[in-house]
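Residue numbers (my numbering), protein chains in the order written: chain A, 9 to 237; chain B, 62 to 672. Don't be surprised by glycine CBs; every beta carbon is placed ideally from N, CA and C. Here is the structure we will look at.
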Amino acid sequence: MATRVTDTKVGRKEGTRIGGGPRFPGPNGKGPSGNGKGGEHDERGRRFSPATYRITMWVVLAAVVMMFAALSSAYIILSSGGQSRPVAMPRMFFLSTGVILLSSLSFEKAKRSLKQGAQIKYLRWIWLTLLLGLAFLAAQLTGWRELAAEGVYFASHPHSSFFYFFTGVHGVHLIGGILGLFYLILRLKRRKELLVSERTITAAEVVALYWHAMDGLWLWLFLLLLVWK
Amino acid sequence: MAVEAHESVHRHEPPKGFIRKYIFSLDHKVIGIQYILLALIAVVVGMAMSLLMRLNLSWPGTSWPVLETLFPGGAPGGVMNPEFYLSLVTMHGTMMVFFVLTTAPQGGFGNYFLPIQIGAEDMAFPFLNMMSFWVTFVGFVVLLSAIFFSGAESTIGPIGGWTGYAPLSALGQIAGPGQGMGMNLWVISIAIFCVGSLLGALNFITTLLNMRTRGMSLMRMPLTCWAWFTTAVLALLSFPVLLGGGILLLLDRVAHTSFFIPAGLYVSGVLSGTQESFPLHTGGSPILWQHLFWFFGHPEVYIAILPGMGATSHILSTFARKPVFGYRAMVFAIFAIGLLGFFVWGHHMFISGMSPYSAMTFSILTLSIGVPSAVKTFNWLGTLWGGKIRFTTPMLFALGFVSLFVAGGITGLVLGQTSLDLPMHDTYFVLAHFHLVMGVASIFGMFAATYFWFPKMFGRFMNEPLGKIHFWITFVGVYCIFVPMHTMGMVGMPRRFAQFTEYEFLKTLHPLVMFVSIAAIITILAQLLFYANLVWSLFRGRRAEDNPWEATTLEWTTATPPPHDNFAGLLPTVYRGPYEFAVPGAPNDYVMQTEPGSEVTSGDGHEGHRH
Chain A
9 MATRVTDTKV
19 GRKEGTRIGG
29 GPRFPGPNGK
39 GPSGNGKGGE
49 HDERGRRFSP
59 ATYRITMWVV
69 LAAVVMMFAA
79 LSSAYIILSS
89 GGQSRPVAMP
99 RMFFLSTGVI
109 LLSSLSFEKA
119 KRSLKQGAQI
129 KYLRWIWLTL
139 LLGLAFLAAQ
149 LTGWRELAAE
159 GVYFASHPHS
169 SFFYFFTGVH
179 GVHLIGGILG
189 LFYLILRLKR
199 RKELLVSERT
209 ITAAEVVALY
219 WHAMDGLWLW
229 LFLLLLVWK
Chain B
62 MAVEAHESVH
72 RHEPPKGFIR
82 KYIFSLDHKV
92 IGIQYILLAL
102 IAVVVGMAMS
112 LLMRLNLSWP
122 GTSWPVLETL
132 FPGGAPGGVM
142 NPEFYLSLVT
152 MHGTMMVFFV
162 LTTAPQGGFG
172 NYFLPIQIGA
182 EDMAFPFLNM
192 MSFWVTFVGF
202 VVLLSAIFFS
212 GAESTIGPIG
222 GWTGYAPLSA
232 LGQIAGPGQG
242 MGMNLWVISI
252 AIFCVGSLLG
262 ALNFITTLLN
272 MRTRGMSLMR
282 MPLTCWAWFT
292 TAVLALLSFP
302 VLLGGGILLL
312 LDRVAHTSFF
322 IPAGLYVSGV
332 LSGTQESFPL
342 HTGGSPILWQ
352 HLFWFFGHPE
362 VYIAILPGMG
372 ATSHILSTFA
382 RKPVFGYRAM
392 VFAIFAIGLL
402 GFFVWGHHMF
412 ISGMSPYSAM
422 TFSILTLSIG
432 VPSAVKTFNW
442 LGTLWGGKIR
452 FTTPMLFALG
462 FVSLFVAGGI
472 TGLVLGQTSL
482 DLPMHDTYFV
492 LAHFHLVMGV
502 ASIFGMFAAT
512 YFWFPKMFGR
522 FMNEPLGKIH
532 FWITFVGVYC
542 IFVPMHTMGM
552 VGMPRRFAQF
562 TEYEFLKTLH
572 PLVMFVSIAA
582 IITILAQLLF
592 YANLVWSLFR
602 GRRAEDNPWE
612 ATTLEWTTAT
622 PPPHDNFAGL
632 LPTVYRGPYE
642 FAVPGAPNDY
652 VMQTEPGSEV
662 TSGDGHEGHR
672 H
């Protein structure tokens with residue numbers, strides 16, 4: 009029993025914990041920095057926790073960003089080849105960029121109204137955001153027509169393919185955001201809450217996070233297509 | 062205790078209907094078992110394919126009438142044609158990598174035990190969890206169908222290997238039999254699998270970060286949880302890249318874009334643009350596919366093996382009756398392996414004509430993975446050193462994992478060097494390397510996990526003598542299969558050749574080829590013992606109590622098998638680290654994580670011994 013090697017650093021400073029947990033857990037056994045906080049609000053694990061949804065959205069966005077990072081590097085590699093034939097940016101895409109930036113602003117206004125408890129105002133801003141989102145998609149489709157009118161088709165060459173492909177994949181992701189907006193509208197109509205609940209705020213914040221990310225993503229793709237030829 | 066007096070018990074009863082309980086279940090335990098069953102089926106398909114390949118290599122030209130019945134297009138007259146052999150290579154690789162090595166370790170055991178080990182009632186999003194399994198299942202069905210729906214010649218699947226290198230994978234029927242509809246289905250299956258894995262990864266990460274029970278700090282988690290978490294992060298960051306690449310490949314095939322197809326390509330006697338079956342392409346880069354594929358492909362090997370590493374650490378500690386040696390170092394080693402795994406994809410592409418400078422960078426980064434791998438290996442040995450080892454079947458398989466990981470990993474240091482990889486590339490040496498380290502080692506980790514957790518999952522032990530026979534035949538068998546392959550590779554035997562009888566310099570190797578085939582047949586037959594053991598033990602095995610192995614982590618605190626909500630409404634509180642074995646002064650030689658009182662060893666397994 010006496011000589012059992014458990015580690016090379018035997019004489020580690022007492023009282024320090026890598027995981028941050030206290031040396032002797034308090035009555036609730038909870039670490040000081042909230043580690044293992046499954047029972048923070050209640051003894052039961054299945055309580056509503058806003059962090060669950062926020063973490064998940066960040067994780068989703070990490071995956072989305074990875075995919076677009078891969079596609080962007082593919083674009084950069086193919087554009088730097090000698091056979092690249094640059095395509096002029098359709099004017100519609102400038103318009104759509106403005107529209108989606110505005111939509112992010114209106115979403116922020118909506119969130120602010122919600123936090124002040126002004127639900128009707130919140131709903132109106134959300135509707136506006138939704139309309140701006142649909143307008144963005146319409147502008148993108150018009151941009152496609154503009155490209156096609158100039159004789160630039162999907163399969164013409166890699167650069168033109170990327171014009172359609174980036175807008176298309178981004179559009180699909182934005183439709184996800186639009187569904188999120190519909191969800192926000194429906195849940196408010198269904199609940200008719202007098203006081204805005206934590207769940208409603210969390211839902212709005214998580215959808216807003218996604219929406220802003222899609223906004224930023226489009227900005228990145230737009231600049232990439234505009235600048236890198 | 063005062064706290065427990067306040068606690069009201071909220072039990073969640075399982076749903077009553079058969080469909081909601083066993084088919085479209087939201088219970089992570091049922092979903093875990095579904096994943097394991099899927100892997101058990103897929104591995105039989107994959108093994109059957111490898112058996113067919115071995116038969117063709119050892120006895121080329123022999124007629125197997127049953128093959129003609131099953132695959133009239135692939136084996137006319139019962140004799141396999143080379144294209145059919147290649148499609149077996151493709152399907153075996155894809156089936157094993159995706160539907161066995163990615164599903165069983167992570168989706169299966171991870172799903173079942175991660176929530177229990179951190180003291181949660183279920184995953185964060187049970188519905189997503191269910192979706193992730195069924196999406197994966199659809200991917201499996203689509204992949205199987207690839208071999209049967211490949212157009213005119215029929216029953217020949219895609220022939221490009223599991224890596225599906227462009228441009229031949231991007232062209233369609235003109236590139237060869239099975240490259241038409243079969244290849245489309247292959248790409249679609251991979252894309253579906255990516256989606257399923259992403260849903261799973263999402264759930265794992267959120268659950269682990271946010272649903273740990275009271276007192277379960279990160280550094281009190283079992284190493285299995287760390288491994289599953291890191292695996293989920295790897296999956297989250299690598300599968301989107303494959304998905305993106307897969308969509309581009311599919312567009313090249315169906316929408317006639319040119320992402321991966323260069324101009325002026327001349328294939329099967331046809332110049333690009335001169336025939337309707339081969340439209341004009343311009344400006345694409347075949348190497349781009351390799352980059353996208355291997356950026357995913359290399360993390361994928363860690364997705365396969367990290368859960369095995371976690372299970373091995375867990376099991377070695379339990380049966381050596383000692384804390385894991387250097388818990389913190391183990392955690393950082395897992396992270397280091399995961400992180401470095403993203404920067405080494407170029408070592409699969411040394412012969413693609415890359416700049417020698419980038420090859421050197423990739424080479425150095427690759428070799429540096431040896432450092433955390435060695436840390437893990439030495440810590441496993443340190444865990445065993447001086448322990449009171451109990452040689453149970455799970456322990457044997459965990460020891461086998463260490464052995465195979467070292468044996469397969471050592472050759473990674475050979476292949477990681479550009480100068481050595483150039484002659485070895487696409488030989489049997491590579492085949493032997495990755496089968497040992499990624500395939501067999503991971504599978505040994507899963508065997509260990511199965512024998513170890515079976516009593517908890519089903520309340521009965523697996524049969525020990527049968528398990529030990531299974532271990533020894535498999536352990537000796539896999540070495541007999543893969544060690545000679547290194548020699549073949551050094552002689553220069555190329556991968557993916559349907560037969561070697563026509564090559565003068567390889568004729569002397571034929572006895573070795575025969576030896577490998579016979580070893581493979583024996584090893585495959587030994588797996589029947591495992592399947593028989595599984596089924597027999599399910600109904601007739603010795604009954605197991607709640608903590609039959611005298612282990613310390615949370616899964617052993619709950620009932621056997623665990624109730625629908627894991628802890629019957631009463632979530633445990635954790636007071637100590639996961640591996641408190643042989644604590645001086647303690648009444649037993651193990652202290653459960655839920656045992657209150659002062660921590661004798663801290664969560665990271667240090668300070669077990671004080672001066």
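- Query: What does B/Val302 touch in chain A if you count any residue whose Cβ is under 7 Å from its own?
  - Reply: Within the second sequence, the letter at position 241 stands for residue 302 of chain B. In chain order: Met74, Met75, Ala78.
- Any non-hydrogen atom of the ligand SAM closer than 7 Å to B/Met456 Cβ: Within the structure as shown, the ligand SAM is missing, as the structure has no ligands at all.
- Residues of the stretch 100–111 of chain A whose Cβ lies closer than 9 Å to any Cβ of chain B, in chain order: none
- Message: Along the stretch 152–171 of chain A, where does the CB come closer than 7 Å to a CB of chain B? Name the residues.
- Response: Phe162, Ala163, His165, Pro166, Ser169
- Cα-Cα separation between A/Glu48 and B/Arg275, rounded to whole angstroms: Position 40 of the first sequence, counted from the start, is the residue given in the question as residue 48 of chain A. Position 214 of the second sequence, counted from the start, is the residue given in the question as residue 275 of chain B. Below a pLDDT of 50, predicted positions are generally treated as unreliable, and A/Glu48, at 43, falls in that range; no measurement from the model is reported.
- Task: Check whether the Cβ atoms of B/Ser299 and B/Phe357 lie closer than 8 Å to each other.
- Result: Residue 299 of chain B sits at position 238 when you count from the first residue of the second sequence. Residue 357 of chain B sits at position 296 when you count from the first residue of the second sequence. In this structure, B/Phe357 lies closer than 8 Å to B/Ser299 by Cβ.
- Which residue from B/Met191, B/Thr613, B/Ser124 puts its Cα closest to that of B/Pro384? Residue numbering aside, residue 384 of chain B sits at position 323 when the second sequence is read from its first letter. Considering only alpha carbons, the answer is B/Thr613.
- Task: Take B/Ala397 and list the residues in its own chain whose beta-carbon comes closer than 7 Å to its own, dropping the five residues that flank it on each side.
- Result: Here residue 397 of chain B refers to the residue found at position 336 of the second sequence. So the qualifying residues of the chain are Pro433.
- Query: Which residue's Cα is closest to the Cα of B/Leu326: B/Gln178, B/Trp287, B/Pro228, B/Leu310?
  - Reply: If you number the second sequence from 1, residue 326 of chain B lands on position 265. Closest by C-alpha distance to B/Leu326, out of B/Gln178, B/Trp287, B/Pro228, B/Leu310, is B/Pro228.
- Message: Between B/Thr285 and chain A, is the shortest Cβ-Cβ distance under 8 Å, so that the two count as touching?
- Response: Here the question's residue 285 of chain B lines up with position 224 in the second sequence. Chain A contact via Cβ: absent.
- Task: Note down, in chain order, every chain B residue with its Cβ under 8 Å from the Cβ of A/Val68.
- Result: On the first sequence, position 60 is the one that residue 68 of chain A refers to. Neighbours of A/Val68 on chain B, chain order: Leu263.
- Using a cut-off of 9 Å between C-beta atoms, extract the partners of B/Ala435 located in chain A. As a first step, residue 435 of chain B must be located in the second sequence, where it is residue number 374. Within 9 Å Cβ-Cβ: nothing; B/Ala435 doesn't reach chain A, min ~15 Å.
- Message: Does any residue of chain B have a CB that is nearer than 8 Å to the CB of A/Ser57?
- Response: Residue numbering aside, residue 57 of chain A sits at position 49 when the first sequence is read from its first letter. Yes - at least one Cβ of chain B is within 8 Å of the one on A/Ser57.
- Terminal residues of the alpha helix (DSSP H) in which B/Gln240 lies: To locate residue 240 of chain B, count along the second sequence from 1; it is residue 179. That residue, B/Gln240, is in no alpha helix (DSSP H); it is neither H nor E in DSSP.
- Task: For A/Ile84, decide whether its Cβ has a neighbour in chain B, counting only Cβ atoms nearer than 8 Å.
- Result: Residue 84 of chain A sits at position 76 when you count from the first residue of the first sequence. Answer no: the Cβ-Cβ gap between A/Ile84 and chain B never drops below 8 Å.
- What residue ranges within the stretch 528–582 of chain B form continuous alpha helix (DSSP H) runs of no fewer than 4 residues, ordered along the chain? none
- Item | Length of the line joining the Cα atoms of B/Val537 and B/Gln654 | One-based indexing of the second sequence puts residue 537 of chain B at position 476. One-based indexing of the second sequence puts residue 654 of chain B at position 593. Computed Cα separation, rounded: 37 Å.
- With 16 as the cutoff for other CB atoms within 10 Å, does B/Val127 come out buried or exposed? The count along the second sequence starts at 1 and reaches residue 127 of chain B at position 66. With fewer than 16 other Cβ atoms within 10 Å, it is exposed.
- Query: Which residues mark the beginning and the end of the alpha helix (DSSP H) in which B/Ile308 is found?
  - Reply: Your numbering for residue 308 of chain B matches position 247 in the second sequence. Its alpha helix (DSSP H) spans residues 284–315.
- Message: Just to make sure I have the definition right: I need the residues of chain A whose C-beta is within less than 8 Å of the C-beta of B/Phe320. Which are they?
- Response: Within the second sequence, numbered from 1, the residue matching residue 320 of chain B stands at position 259. Neighbours of B/Phe320 on chain A, chain order: Ala82, Leu86, Pro166, Ser169.
- Task: Could you work out which residue in B/Trp533, B/Gln351, B/Gly646 is closest to B/Leu590 when comparing CA atoms only?
- Result: As a working mapping, residue 590 of chain B is identified with position 529 in the second sequence. The candidate whose alpha carbon is nearest that of B/Leu590 is B/Trp533.
- Look at the alpha carbon of B/Leu632 and the alpha carbon of A/Ala59, and state the distance between them as a whole number of angstroms. Locating residue 632 of chain B in the second sequence gives position 571, counting from the first residue. Locating residue 59 of chain A in the first sequence gives position 51, counting from the first residue. Their Cα atoms are separated by approximately 20 Å.
- Item | Three-state class that DSSP yields for B/Leu465 in the structure shown | Looking up residue 465 of chain B in the second sequence gives position 404. Helix.
- Can you pull the chain B residues whose beta carbon is under 7 Å from the beta carbon of A/Ala216, in chain order? For the purposes of this step, residue 216 of chain A is taken as the residue at position 208 of the first sequence. Per Cβ cutoff of 7 Å: no residues; A/Ala216 is ~19 Å from chain B at best.
- Quick one: is B/His317 near chain A, going by C-beta distance under 8 Å? In the second sequence, counting from the first residue as 1, residue 317 of chain B sits at position 256. Yes, contact with chain A.
- Item | Host alpha helix (DSSP H) of A/Lys129 (start-end) | Residue 129 of chain A sits at position 121 when you count from the first residue of the first sequence. Segment 127–157, the alpha helix (DSSP H) holding A/Lys129.
- Would you say B/Phe411 reaches chain A, if we count a Cβ-Cβ gap shorter than 8 Å as a contact? Along the second sequence, one-based indexing puts residue 411 of chain B at 350. By this cut-off, B/Phe411 is not an interface position.
- Message: Suppose you measure from the CA of B/Pro219 to the CA of B/Arg314; what does that come to, to the nearest Å?
- Response: As a working note, residue 219 of chain B is residue 158 in the second sequence. As a working note, residue 314 of chain B is residue 253 in the second sequence. Their backbone Cα atoms lie some 13 Å apart in a straight line.
- Query: Which residue's Cα is closest to the Cα of A/Gly176: A/Leu145, A/Phe115, A/Glu158?
  - Reply: The residue given as residue 176 of chain A occupies position 168 in the first sequence. The shortest Cα separation from A/Gly176 among A/Leu145, A/Phe115, A/Glu158 belongs to A/Leu145.
- Task: From the DSSP output, in three-state form, read off B/Arg382 for me.
- Result: Reading the second sequence from its first residue, position 321 is the one you call residue 382 of chain B. If DSSP states are grouped into helix, strand and coil, B/Arg382 belongs with coil.
- Query: Counting pairs of beta carbons, one from the stretch 149–169 of chain B and one from the stretch 351–365 of chain B, are three or more of them closer than 8 Å?
  - Reply: yes
- Message: Our contact map puts B/Phe201 next to B/Leu99 with C-beta atoms below 8 Å; I'd like the distance itself, whole angstroms only.
- Response: Here residue 201 of chain B corresponds to residue number 140 of the second sequence, with the count starting at 1. Here residue 99 of chain B corresponds to residue number 38 of the second sequence, with the count starting at 1. Right, the Cβ-Cβ distance comes to about 6 Å (below 8 Å), so this counts as a contact.
- Query: Can the beta-carbon of B/Ser374 be found less than 8 Å from the beta-carbon of B/His342?
  - Reply: As a working note, residue 374 of chain B is residue 313 in the second sequence. As a working note, residue 342 of chain B is residue 281 in the second sequence. In this structure, B/His342 does not lie closer than 8 Å to B/Ser374 by Cβ.
- Item | B/Gln95 - DSSP class collapsed to helix/strand/coil | To locate residue 95 of chain B, count along the second sequence from 1; it is residue 34. Helix.
- Message: Spatial neighbours of B/Met602 within its chain, please: C-beta separation below 7 Å, excluding the five flanking residues on both sides.
- Response: Sequence index remark: in the second sequence, residue 602 of chain B carries index 541 (1-based). In the sequence as displayed, the identity of residue 602 of chain B is Gly instead of Met. Answer for B/Gly602: Arg521, Phe522, Met523, Asn524, listed in chain order.
- Using three-state DSSP, classify B/Thr488 as helix, strand or coil. What you label residue 488 of chain B is simply residue 427 of the second sequence in a count that begins at 1. Here B/Thr488 sits in strand by DSSP.
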